[in-house]
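*Asks:* The structure's right below; bear with me while I get my questions together.
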Amino acid sequence: MLDMELIRKDREAVATALAKRLDPAEVNRALDEIQRLDQERRALISEIDAERQRRKAEARAYAQAKRAGTTPEPAPEAERKQLAELESQLDEVQSRLRTAMSELPNLPADDVVAGGKEANRVVRTFGEPPAIEKVRDHVELSRALGLVDHERGVKLGGSGFWMYTGMGARLEWALVNWLIEQNIQAGYEFLLPPHLLLDSAGFAAGQFPKFYDDVYHLDKQSAPRGQFLLPTAETAILGAFQDEILETAKLPLKAFAYTPCYRREAAGSHSDERGTVRGHQFNKVEIFQFTLPEQAGAALEAMVAHVEGLVEQLGLHHQTSLLAAGDASAAMKKTLDVEVWMPSTGKYKEVSSISWGGDYQARRAAIRYREPGNKQTRFVHTLNGSALATSRLFPAILEHFQQPDGSVLVPEVLRDKLGADRLTPIR
RNA sequence: GGUGGCGUGUCCGAGUGGCCUAAGGAGCACGCCUCGAAAGCGUGUGAGGGUUUACGCCCUCCGCGGGUUCAAAUCCCGCCGCCACCGCCA
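Counting along the first sequence from 1, when you hit position 285 you're at 285 in the working numbering, and nothing is skipped either side.
Below is the structure:
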């Protein structure tokens, strides 16, 4: 949610920033509508407040007269209706205003350019693509090594699901555990949240209404409150602090969570999204920070560096890109993707998206802090990022460290956890 | 899931229709006192919104949502949460 006051005071700046993401004509139409509703809203509030004030005075006078022994006559029926009428008008206007406001995306940061994927810019590259003679892709490797059972996964959950087996399950779990340890070391508090969330959490994170149909909803019979399966732990961590005023001294508040993520995802399989690269359920460890506005810039840099360090420790060749406005998620001001090299496709694939949300999510979720020496509450800034999604790391590790004899070397940092240095073909 | 009890401000806690514009206490902040502190005394102490150049003024909020009434923390209905007991428990 954007700041209404900013729209009132500097509509031009808002329109210019939004034009990086949306058609300018559309922006103007939306802003016109919002300003009209805003004015209507304020006029109605003034009217209602004045009417209420009058009524309170009347009720007080009535009580006094009664105490004095006289029987005053109540206010005419007509006025009662008028107030109810105004109030329902206000409800209507406010709900339309809220809808219009909640449909506006965040303002991209100054250094974020307009455009889609093609305008993304690589800002850093780490290492070189590994030299591999005959590249086998991760699907082939995971089958040969007995790590992932796609057929039985589909048998259980339908298309878009897989099952990790044997050393594959152990590798996946070693990765998750290693990531958890790394994030604890980096000063994040470990959370294990519910996987079923109420709609208010989805709205606060800015995922609803836009992505409402992209998550799994429980039917009304089994979940009268309409919970959905979380598509990312970001939704849970943000939602956990909804409507709170955070202690200023505790900021930045750093938390992370491990959860499976459930997404409907458009069906259909691209050649570079085979195997575990894209599915309806995957494991992810998500880091999150609530900060003072002035801490956000440094926090974003620290988070990106932390994530880059994780990929680096796994020994994977990767790059970091600054996303253009149109390719970043709507709730964010600025997003950097860390992309890992996939030898089989010769492309980089996103393993983490790290974003600065400004106060956009905090405004939707009403998460505030109190300014020191000032009674005023203000909205915190939110930042989030994957650290990391294992479903992308897993195939990258297989492909990077495949050996001519068909085995795969295990990244050093995982060897103790896995209890093996090398994965070998099962037949 | 059932039955019963409970839900008031930062916390404890009073309040069963009208000076509730929410008592009292604790905590916290500031001031007085003090060489300094404690104690004592005094003042202040929530959120959201409207209006105003500003000081300020006003509205809403007693778990949430409706209703009754000239008037609701208080009465009625629904929901949510907590506690206790019972039931269920792959």
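Each residue gets a CB set at the ideal place from its N, CA and C atoms; glycine is no exception.
Do you know how far the Cα of A59 is from the Cα of R363?
*Replies:* Answer to the nearest angstrom: the Cα atoms are 37 angstroms apart.
*Asks:* Output the distance between the C-alpha atoms of D111 and G315, rounded to the nearest integer angstrom.
*Replies:* 30 angstroms
*Asks:* Exposed or buried, A223, counting other C-beta atoms within 10 Å across all chains shown (16 or more means buried)?
*Replies:* exposed
*Asks:* Look at the alpha carbon of G309 and the alpha carbon of R121, and state the distance between them as a whole number of angstroms.
*Replies:* Taking the CA atoms as reference points, G309 sits about 20 angstroms from R121.
*Asks:* For V380, report the span of its alpha helix (DSSP H) as first-last.
*Replies:* Element bounds for V380: n/a, residue is neither H nor E.
*Asks:* Can you check which of these residues, D337, T390, K254, is closest to A296 by C-alpha distance?
*Replies:* K254
*Asks:* Quick check: the region 121-137 against the region 330-344, are at least 3 beta-carbon pairs closer than 8 angstroms?
*Replies:* yes
*Asks:* Assign A15 to one of three DSSP states: helix, strand, or coil.
*Replies:* helix
*Asks:* Out of A65, L37, A17, which one is the CA nearest neighbour of D91?
*Replies:* L37
*Asks:* Going along the chain, which residues of its own chain have a beta-carbon closer than 8 angstroms to the beta-carbon of K220, five neighbours each way excluded?
*Replies:* G226.
*Asks:* Hey, out of N28, G358, M1, whose CA is closest to R11's CA?
*Replies:* N28
*Asks:* Using 8 angstroms as the threshold, is the region 288-308 in touch with the region 159-171, meaning 3 or more CB pairs across them?
*Replies:* no
*Asks:* Could you work out which residue in E371, D359, A330, D49 is closest to A249 when comparing CA atoms only?
*Replies:* Check the Cα spacing between A249 and each of E371, D359, A330, D49: the tightest is with E371.
*Asks:* Is it buried or exposed for P395, if we count other Cβ within 10 angstroms and need 16 for buried?
*Replies:* buried
*Asks:* May I ask which residues mark the beginning and end of the alpha helix (DSSP H) holding T235?
*Replies:* Residues 233-240.
*Asks:* Mapping DSSP to helix, strand and coil, what is L147?
*Replies:* coil
*Asks:* For S353 versus D337, is the C-beta spacing smaller than 7 angstroms?
*Replies:* Going by beta carbons, S353 and D337 fall inside the 7 angstroms limit.
*Asks:* Excluding the five sequence neighbours on either side, which residues of its own chain have a C-beta within less than 7 angstroms of the C-beta of I184, listed in chain order?
*Replies:* F190
*Asks:* Would you check if the distance between the CB atom of W356 and the CB atom of L393 is smaller than 7 angstroms?
*Replies:* no
*Asks:* Indicate the three-state DSSP secondary structure (helix, strand or coil) for I287 in the structure shown.
*Replies:* strand
*Asks:* Hey, L462 and V410: beta-carbon distance below 7 angstroms or not?
*Replies:* Residue 462 lies beyond the residue range present for the chain, which begins at 1 and ends at 427; the question has no answer from this structure.
*Asks:* Verify whether the separation of the beta carbon atoms of K334 and A109 is less than 7 angstroms.
*Replies:* In this structure, A109 lies closer than 7 angstroms to K334 by Cβ.
*Asks:* Less than 7 angstroms between the C-beta atoms of A387 and V304, yes or no?
*Replies:* no
*Asks:* My output table needs one value for Q182: the three-state DSSP class, helix, strand or coil.
*Replies:* Looking at Q182 - three-state DSSP - the assignment turns out to be helix.
*Asks:* Starting from V311, trace the alpha helix (DSSP H) in both directions and tell me its first and last residue.
*Replies:* 296-314
*Asks:* According to DSSP, T125 sits in a beta bridge with which residue or residues?
*Replies:* Q319
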